[in-house]
Every structure is written in structure tokens, then in C-alpha cells.
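K.L.:
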Amino acid sequence: MSKFEVLLSETAVSQLDLLESQQADRIKESLRKLKENPFVSRSGADIKKLVSVDDPPLFRLRIGDYRAIYFVDEKEVKITQIIHRSKGYKWLE
Numbered sequence: 067m068s069k070f071e072v073l074l075s076e077t078a079v080s081q082l083d084l085l086e087s088q089q090a091d092r093i094k095e096s097l098r099k100l101k102e103n104p105f106v107s108r109s110g111a112d113i114k115k116l117v118s119v120d121d122p123p124l125f126r127l128r129i130g131d132y133r134a135i136y137f138v139d140e141k142e143v144k145i146t147q148i149i150h151r152s153k154g155y156k157w158l159e
């Protein structure tokens, strides 16, 4: 299987920049794992499709207390948000 390219939106980059470096590094490492397969959960990559969104289908990657929200377009994984779990998914409304 060919690899995917992981791209971060300006919003995701801004959200990542606000985090402590240790947490940001952990998130970056987890995002790199999406290059192999952004659809299937596995060790170190807890992935779930968000059921309330279909166009485009959104996924979330759980990274400790943080969630990376993304969609896949061809061979690109586009990270749209990196949010703390306490924020929930209110931004979807």
C-alpha cells in the first residue's frame, strides 16, 4: 500500500503551537502514523469515524487527552483540528 501524505490546516498548526513541546511532540509522532493507513485503528493509533459527518467523512485520532480531527482526500490526510477532549465536538454543530 502506498503511503499517505499528512497535511495540517492553519487552524491545526495554531492549535499545536499552543501546546507544551512534550505534548506537541507526542501528537506529531501520532500524526506520522496516519501515513501508513488513516482508516484502521491499531496499536498507537486509536482511529474512529465520526458518524454525524459524511461530506467529507471525518475521522478522529485519539492522542491521550487530545483529538486530531481529519479527513482523507485521495492520498492526503488533512488534519483540520487538534482539540482537547474537554472541548468535545461542539465545533461540529
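Per the working numbering, the sequence shown starts with residue 67, numbered consecutively. Each residue gets a CB set at the ideal place from its N, CA and C atoms; glycine is no exception.
How far does the beta strand (DSSP E) with LEU74 in it reach, from first residue to last?
P.N.:
Taken as a continuous stretch (DSSP letters only), the beta strand (DSSP E) holding LEU74 covers 71-74.
K.L.:
With contact counted as at least three CB pairs below 8 Å, one residue from each stretch, are the segment 100-107 and the segment 69-86 in contact?
P.N.:
Segments in contact, yes.
K.L.:
Can you find the residues in the same chain that come closer than 8 Å, C-beta to C-beta, to ALA78, ignoring five residues on each side of it along the sequence?
P.N.:
Result list for ALA78: ALA134, ILE145, THR146, GLN147, ILE148, in chain order.
K.L.:
Look at HIS100 and VAL143 and say whether their C-beta atoms are less than 8 Å apart.
P.N.:
Reading off the sequence shown, one finds Leu at residue 100, where the question assumed His. Yes, Cβ-Cβ distance for LEU100 and VAL143 is below 8 Å.
K.L.:
If you reduce the DSSP assignment to three classes, tell me which class ASP83 lands in.
P.N.:
The answer is helix: DSSP assigns ASP83 an H, G or I state.
K.L.:
Taking 7 Å as the cut-off, is the beta-carbon of PHE125 closer than that to any non-hydrogen atom of the ligand FMN?
P.N.:
The ligand content of the structure shown is nil, which means the ligand FMN is not present either.
K.L.:
Going by DSSP, what residues sit across from VAL138 in a beta bridge?
P.N.:
In the DSSP output, where bridge partners are listed per residue, VAL138 has VAL143.
K.L.:
Which same chain residues, not among the five before or five after ILE129, have their C-beta less than 6 Å away from its C-beta?
P.N.:
Cβ within range, chain order: ILE93, SER96.
K.L.:
Using DSSP with H/G/I as helix, E/B as strand and the rest coil, what is SER107?
P.N.:
Coil at SER107, not helix or strand.
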